[in-house]
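As structure tokens, the structure follows; a few thoughts come after it.
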Amino acid sequence: MFYPQEMTEIEIIAPAKDLLSVTKALSGQGIFSQTDVNYLNAEKGSQQPNQWQEKATAYSALERRLQSILTSLDVQKKNPSIKEYDSIIEVDKAKAIVDEVEKKVKEIIDQISNENKHIERLKTILLQIEPLVDIDADFTTLQNAKYIHTILGIMPGENVDRLKTSLARIPHELITLTQKQQKAVVWLAASQDNLDVLERAAKSAYLDP
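Residue numbers (this note's numbering): 47 to 255.
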């Protein structure tokens with residue numbers, strides 16, 4: 047994403063033979079930015095390709111990609127220190143470097159995203175089991191219950207009444223263990239014979255086991 051900033055436009059007219067040296071001097075000051083100027087040829091009706099315009103377009107595209115990388119990493123772009131450039135890196139070589147940087151940055155961002163999802167999942171599990179800490183009971187015995195089906199999960203607090211209504215026609219037990227930030231931790235139980243009804247009602251109430 048690009049952010050508008052105040053700029054001053056200066057037009058420099060230089061002989062063609064000095065174009066490269068002028069470009070190097072401006073780049074060394076950190077005040078040079080590549081711009082696509084192909085529209086100038088279009089306005090003049092010229093169909094002849096211009097080597098410098100093509101290079102400017104290619105370098106400008108690479109600059110935008112680098113800016114996108116900096117934005118994704120939440121890094122502010124800084125002007126480079128004054129430097130004397132003896133040579134200009136070729137477009138193909140620069141593109142290969144940018145391709146590799148983009149690939150590595152994407153891998154890192156994807157990894158961070160996956161880790162954040164894992165952290166959120168752990169927080170959800172913690173929220174579910176916290177209310178059970180002080181209960182003196184072995185809940186593992188319910189895992190393989192033959193006649194009872196139980197669900198422990200988190201759901202929107204406003205949906206608890208809806209869940210009760212959905213289960214009104216079958217024998218069941220619904221206990222709200224705790225409620226924080228509009229989220230309720232509930233424990234739900236019913237006979238295995240009513241398993242389908244129990245799970246449909248839980249899904250309808252957006253209960254996340």
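Don't be surprised by glycine CBs; every beta carbon is placed ideally from N, CA and C.
Keep in mind it's a predicted model, so treat the numbers as computed, not measured.
Limits of the unbroken alpha helix (DSSP H) element including Ile143: Residues Val137 to Ile175.
DSSP three-state call for Val243: helix, strand or coil? Three-state result, Val243: helix.
Straight-line gap, Ala235 to Leu168 (C-alpha atoms, nearest Å): C-alpha separation (whole angstroms): 24 Å.
C-alpha distance - Lys163 paired with Asp156, whole-angstrom precision: Lys163 and Asp156: Cα-Cα distance of roughly 11 Å.
Alpha-carbon to alpha-carbon, Ser212 and Glu204: Answer to the nearest angstrom: the Cα atoms are 14 Å apart.
Could you give the residue range of the alpha helix (DSSP H) that holds Leu112? Per DSSP, the continuous alpha helix (DSSP H) segment holding Leu112 begins and ends at Gln97 to Ser118.
Distance, Cα to Cα, Lys210 vs Pro255? Answer to the nearest angstrom: the Cα atoms are 17 Å apart.
Contact check, Ala214 vs Thr222, beta carbons under 8 Å: Contact flag unset, no.
Contact under 8 Å by Cβ, Ser237 with Ile194: For Ser237 and Ile194, yes; Cβs fall inside 8 Å.
Tell me the residue span of the alpha helix (DSSP H) that contains Val121. Premise fails: Val121 is in no alpha helix (DSSP H) and is neither H nor E.
Inter-residue spacing [alpha-carbon to alpha-carbon] between Lys149 and Val121: Lys149 and Val121 have their alpha carbons spaced roughly 17 Å apart.
Going by DSSP, name the residue or residues bridged to Glu219. Glu219 is bridged to Ala235.
Distance CB(Val151)-CB(Ser118) smaller than 8 Å: Yes, Cβ-Cβ distance for Val151 and Ser118 is below 8 Å.
Kindly indicate which residue of Leu198, Pro202, Asp239 and Gln228 has the alpha-carbon position closest to the one of Glu176. The shortest Cα separation from Glu176 among Leu198, Pro202, Asp239 and Gln228 belongs to Leu198.
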